[in-house]
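Top to bottom, those sequences are chains A and B.
Its first residue numbered 350, the first sequence is counted upward by one per residue in my numbering.
Its first residue numbered 350, the second sequence is counted upward by one per residue in my numbering.
C-beta atoms are modelled at their ideal positions from N, C-alpha and C, and glycine is treated no differently.
No experiment lies behind these values; they were computed from the predicted model shown.
There are 2 protein chains.
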Amino acid sequence: MLKNRILELKEKLMEMASLVETMLENSKRGLVEKKRELLLEIIEKKEPVVNSLEIEIDEFCTELIALYQPKASDLRIILTVLKINNDLERIGDHAENISQSALFLIERPQIKPLIDIPRMADEAIQMIKDSITAFLQKDTALASSVLIRDDIVDNLRDQVIRELITYMASDPTTIERALELIRIAHNLERAADLATNLSEDVIFMVEGKIVKHGFDGT
Amino acid sequence: MLKNRILELKEKLMEMASLVETMLENSKRGLVEKKRELLLEIIEKKEPVVNSLEIEIDEFCTELIALYQPKASDLRIILTVLKINNDLERIGDHAENISQSALFLIERPQIKPLIDIPRMADEAIQMIKDSITAFLQKDTALASSVLIRDDIVDNLRDQVIRELITYMASDPTTIERALELIRIAHNLERAADLATNLSEDVIFMVEGKIVKHGFDGT
């Protein structure tokens, strides 16, 4: 009985993850393809759904713990779902922030072609997808591969900021737009960082080994 | 027996909260008083302690659930501690980010006197303190007062950014320093935002009413 409820819980979590991935993907597309409707949809429609789903999953976890008093591995799974749920909601917030900045940017002339920011978004989305797959399949090797990729996104963000500083310095009229692009880069970096949290939680769930904060528990 | 363990758990959480408040306070002082040692201490000493404490509290909660199979209000308290713990660790990360930016800034000429940023820090610290008091005393009125104060910090951040944009535009040599100040303002805003999360969780713990995301559960 508890096994079935946990399957149900996992399905809900997959729904949440898929929605958040779509939000990141659409915030990128909205920016690159200047699609205002896509951006507004994220802010007005999708983000509220993520918030309701977070509450629903949270309550589901609490209910399962209270009703079934799960032990050992089942309890670990439920507590991991609680954490993943929380981190996914935060990634949704970042997608919303990105959409707000994008709404500002698409109404104004572009400073430069967007190359690194879409790459950051793609990388972050893949990191989330892989973390969720790792969770469902208890695949710690895949989860570990996510942790390493965080550096790629960090480096892209630093590159974006360095480049934008030169634009701002040579033409002060670009400052406001550059700040919004920097905000987007920071939000994508944070989304990728949260994806590594997901993978860390998966590793802990499977191995009981803490990889957080570079502390390997040994 | 479980009651005593929960008291122990609350003590650990208070230790964690106090450490994180000190980190925010010292990151502000390090910046304002240009105290390099204070900033390095946050990054090298205090942040790793917060990370260990987070893991310790997390494990403590899991152990209590697994051993005592708490129901109803005890379970609510333990699950709330889990969330508060996670949010406090994130606030610690923001204090670390602020310290890194401050280390950059204190070696360079000041763009302007720091007024709003220290006010933001003070406000965020008080919001955390009040949230923890609200948790310990199950004081939902105090927790509700924290939620309202988030706007103050948001407005201060917007003001900081607007002002810095005019500096950057009139003197491009200030851009790099202005970006670090903006980064600090964003991190303080996020810390205050996490403090509202703490208070939301307290209200939910006491009233079972969801105030998250402007959704009042009715």
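Please say whether residue j and residue i have beta carbons closer to each other than 8 angstroms?
i, j, result
"Ser480 of chain A", "Leu388 of chain A", "no"
"Ala518 of chain B", "Ile510 of chain A", "no"
"Ile414 of chain B", "Ile414 of chain A", "yes"
"Gly441 of chain B", "Val399 of chain B", "yes"
"Glu403 of chain B", "Asn446 of chain B", "no"
"Lys361 of chain A", "Glu405 of chain A", "yes"
"Leu452 of chain A", "Arg385 of chain A", "yes"
"Ile426 of chain B", "Ile501 of chain B", "no"
"Ile391 of chain A", "Asn375 of chain A", "yes"
"Asp499 of chain B", "Thr429 of chain B", "no"
"Gln418 of chain B", "Gln418 of chain A", "yes"
"Leu424 of chain A", "Thr411 of chain B", "yes"
"Glu396 of chain B", "Ser450 of chain B", "no"
"Pro458 of chain B", "Pro521 of chain A", "no"
Give me the chain B residues within the contact set of residue i, using Cβ-Cβ distance strictly less than 7 angstroms, ordered along the chain.
i, result
"Leu428 of chain A", "Thr411"
Residues of chain B with a CB under 8 angstroms from the CB of residue i: which are they?
i, result
"Pro521 of chain A", "Met517, Ala518, Ser519 and Pro521"
"Asn435 of chain A", "Lys432 and Asn435"
Tell me, to the nearest whole angstrom, how far the beta carbon of residue i is from that of residue j; I am working on the premise that it is less than 8 angstroms.
i, j, result
"Ala527 of chain B", "Lys377 of chain B", "Ala527 of chain B to Lys377 of chain B, Cβ: 18 angstroms. No contact."
"Leu380 of chain B", "Ile455 of chain B", "7 angstroms"
"Ile552 of chain A", "Thr489 of chain A", "5 angstroms"
"Leu547 of chain A", "Ala444 of chain A", "Incorrect: roughly 15 angstroms between the Cβ atoms, too far for contact."
"Lys432 of chain A", "Asp550 of chain A", "5 angstroms"
"Glu472 of chain B", "Ala541 of chain B", "6 angstroms"
"Leu543 of chain A", "Asp407 of chain A", "Rounded, the Cβ-Cβ distance is 17 angstroms, inconsistent with contact."
Which chain A residues sit within Cβ distance under 7 angstroms of residue i?
i, result
"Leu389 of chain B", "By Cβ distance, chain A contributes nothing, its closest Cβ being about 18 angstroms from Leu389 of chain B, past 7 angstroms."
"Asn375 of chain B", "None at all; the shortest Cβ gap to chain A is about 20 angstroms."
Starting from the beta carbon of residue i, find every residue of chain A whose beta carbon is closer than 8 angstroms, and list them in chain order.
i, result
"Ala415 of chain B", "Lys420, Ala421 and Leu424"
"Ile514 of chain B", "Ile524, Glu525 and Leu528"
Please list, in chain order, the chain A residues whose beta carbon lies closer than 9 angstroms to that of residue i.
i, result
"Asn504 of chain B", "Those within 9 angstroms of Asn504 of chain B in chain A number zero; the least Cβ separation is about 17 angstroms."
Inter-stretch contact (C-beta, 8 angstroms, three-pair minimum) for the stretch 359-371 of chain B and the stretch 468-482 of chain B: Segments in contact, yes.
Stretch pair the stretch 532-542 of chain B + the stretch 459-473 of chain B: three plus CB contacts closer than 8 angstroms: Contact between the stretch 532-542 of chain B and the stretch 459-473 of chain B is present, because at least three Cβ pairs lie under 8 angstroms.
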